[in-house]
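Residue numbers (our numbering): 53 to 429.
All C-beta atoms, glycine included, are put in the ideal place defined by N, C-alpha and C.
Right, one structure below, let's go through it.
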Amino acid sequence: MLAIEKVDTENKRQVRRFVELPHRIYSDCPQWVPPLNVDAYNQLNRRKHPFHEHSDLDFFLAVRDGRDVGRIAAIENKPYNKYHNKKTANFYLFECENDPEAAAALFNTVFDWAKARGLDTIVGPKGMGPLDGYGVLVLGHERRQTMTMLNYNHAYYQSLVEAQGFVKEVDFVSCYLPAENFQMPERVKQIAERVMERGHLEVKKFANKQELVRWADRIGKAYNDAFVNNWEYYPLTPREIKFVVDNIMTIADHRLIKIITHGEDVVGFLFAFHDVSAAMQRAKGKLFPFGLIDILLELRRTDTAAVNGMGILPQHQGHGGNALLYYAMGNTLLNFKQFAHVEMTQVAESAVQMRADLKNLNGVEYKNHRVYHKVLE
Numbered sequence: 053m054l055a056i057e058k059v060d061t062e063n064k065r066q067v068r069r070f071v072e073l074p075h076r077i078y079s080d081c082p083q084w085v086p087p088l089n090v091d092a093y094n095q096l097n098r099r100k101h102p103f104h105e106h107s108d109l110d111f112f113l114a115v116r117d118g119r120d121v122g123r124i125a126a127i128e129n130k131p132y133n134k135y136h137n138k139k140t141a142n143f144y145l146f147e148c149e150n151d152p153e154a155a156a157a158l159f160n161t162v163f164d165w166a167k168a169r170g171l172d173t174i175v176g177p178k179g180m181g182p183l184d185g186y187g188v189l190v191l192g193h194e195r196r197q198t199m200t201m202l203n204y205n206h207a208y209y210q211s212l213v214e215a216q217g218f219v220k221e222v223d224f225v226s227c228y229l230p231a232e233n234f235q236m237p238e239r240v241k242q243i244a245e246r247v248m249e250r251g252h253l254e255v256k257k258f259a260n261k262q263e264l265v266r267w268a269d270r271i272g273k274a275y276n277d278a279f280v281n282n283w284e285y286y287p288l289t290p291r292e293i294k295f296v297v298d299n300i301m302t303i304a305d306h307r308l309i310k311i312i313t314h315g316e317d318v319v320g321f322l323f324a325f326h327d328v329s330a331a332m333q334r335a336k337g338k339l340f341p342f343g344l345i346d347i348l349l350e351l352r353r354t355d356t357a358a359v360n361g362m363g364i365l366p367q368h369q370g371h372g373g374n375a376l377l378y379y380a381m382g383n384t385l386l387n388f389k390q391f392a393h394v395e396m397t398q399v400a401e402s403a404v405q406m407r408a409d410l411k412n413l414n415g416v417e418y419k420n421h422r423v424y425h426k427v428l429e
């Protein structure tokens, strides 16, 4: 017998079942990277996660004969709907055994949840802010997940989602390239050099992590302002900006964070991180007693850098800022003898210029995450 159970986020046992289900679904999957437990539990914590302050979320489990076989989150992002004048709900955190009946029951629950709120469209997978990866993985299942910046799922998930009447909304593509191929095209180099000669825009170099942290507020403001024309944008609250920046600063290496300044203002940024996926797999979500130590050691061992997060303020786009960021990051990666591989993660197909830039940088598209939509009847 199949039943759908709404999770009481104050019930520790139910929350634990929701969080731990993916560990069983991917128990024999070498590509899956488990999230840190502290982050996974935070998503269901209505007091700690800032997204809960302004939006509605509910979480559901599919239970067959007393055994959890699937889960999903239903989301109404109220600031997004207000900004775009839409009536959209999102689904996220969907995990399921290859059980079409359970998947259908979970999605029907989300559909009913949305209709009860007067919403007319479902979009997803789309989560609780910019730190959550987008989409169902439809290409690249043989590749290891890049930390938790990207979603991972079994190949059959695409069929489970599309069987519910979902159609493609937008694809997010990730590119891969060996570090030695990260050669700066001559055109990009020339544009960057001209921008530097003019002196209107400069690349800020951080002497150490402490200096980077002192710039955190300005970076956060630029992060919120840079994506106003993006498909997924909504205005973040001050607490959400702090939440995003704090998460970035926790794992950031000051040498891999590039920002463009105009005077004292941050007008562009490009973030790269050490890929510590292998250590996260060994930790199995637990920081203690040894997970944190292993992750810190992996910062020195990993041979892969993940580039995730690039933006230019709209009023400064078209003035060579992109070229300046690529030029600065390219020089850093080439001088960083540790890295043999670079991954440029989740670039929306609607970001035409950035997609063209990645091809110019010799990037090979090797992962594709698809966001779907369904109009409710």
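120 is the residue among 120, 354 and 137 whose C-alpha sits nearest the C-alpha of residue 158. Apart from sequence neighbours up to five positions away, the residues of its chain that approach residue 224 with a beta-carbon distance below 6 Å are 186, 187, 398, 400 and 421, ordered along the chain. The DSSP-derived three-state label of residue 230 is strand.
About 4 Å separates the Cβ atoms of residue 350 and residue 331, confirming a contact at the 8 Å cut-off.
The segment 315 to 392 is shown to contain whole alpha helix (DSSP H) runs of 4 or more residues at 329 to 335, 343 to 353 and 373 to 387, in chain order. The three-state secondary structure of residue 405, taken from DSSP, is helix.
At a Cβ-Cβ threshold of 8 Å, residue 333 and residue 86 count as neighbours. Taking the C-beta atoms as reference points, residue 337 is found no nearer than 8 Å to residue 125.
Under the three-state reduction of DSSP, residue 180 is assigned to coil, being neither helix nor strand.
Proximity of the segment 145 to 155 to the segment 110 to 120 meets the contact definition, three or more beta-carbon pairs being nearer than 8 Å. Residue 146 and residue 312 have their C-alpha atoms some 37 Å from each other. The beta carbons of residue 283 and residue 359 sit no closer together than 8 Å. The beta carbon of residue 261 is closer than 6 Å to those of 306 in its chain, skipping five residues each way along the sequence.
Annotation for residue 108: the continuous beta strand (DSSP E) segment containing it runs 108 to 116. Closest in C-alpha terms to residue 136, from the list 355, 287 and 302, comes 287.
A residue is called buried once 16 or more other Cβ atoms fall within 10 Å of its Cβ, and residue 97, having fewer, is exposed. Inclusion of residue 210 and residue 190 in the CB contact set at 8 Å is warranted, their separation being smaller than that value. Contact between the segment 265 to 272 and the segment 408 to 421 is not established, with fewer than three Cβ pairs separated by less than 8 Å.
For residue 122, the enclosing beta strand (DSSP E) has its first and last residue at 119 to 128. Contact between the segment 367 to 376 and the segment 240 to 254 is present: 3 or more CB-CB pairs across the two stretches fall below 8 Å. By the neighbour-count criterion, in which 16 or more other beta carbons inside 10 Å mark a residue as buried, residue 353 falls on the exposed side. Close CB contacts of residue 101 within its chain, under the 7 Å cut and outside five residues either way in sequence, are with 94, 95 and 180 (chain order). In this chain, residue 75 is not harboured by any beta strand (DSSP E); it is covered by the alpha helix (DSSP H) spanning 64 to 77. Taken atom to atom, the span from the alpha-carbon of residue 53 to that of residue 426 is near 28 Å. At the C-beta level, residue 240 and residue 378 come within 8 Å of one another. Around the CB of residue 170, fewer than 16 other CB atoms lie within 10 Å, so the residue is classed as exposed.
A Cβ-Cβ distance of about 5 Å is found for the pair residue 329 and residue 199, placing them in contact under the 8 Å criterion.
Here residue 410 has 227 and 396 as same chain residues with Cβ atoms under 6 Å from its own Cβ, once five neighbours each way along the sequence are excluded.
At a Cβ-Cβ threshold of 8 Å, residue 160 and residue 208 do not count as neighbours. Shown here, residue 196 sits in coil according to DSSP, grouped into three states, outside any helix or strand. Under the three-state reduction of DSSP output, residue 135 falls in the helix class. The continuous beta strand (DSSP E) containing residue 143 extends over residues 140 to 148. Spatial neighbours of residue 264 in its own chain (CB-CB distance under 8 Å, excluding positions within 5 residues in sequence) are listed in chain order as 258, 301, 304, 306 and 309. Per DSSP, reduced to three states, the secondary structure at residue 266 is helical. Per DSSP, residue 158 is one residue of the alpha helix (DSSP H) stretching across 152 to 168.
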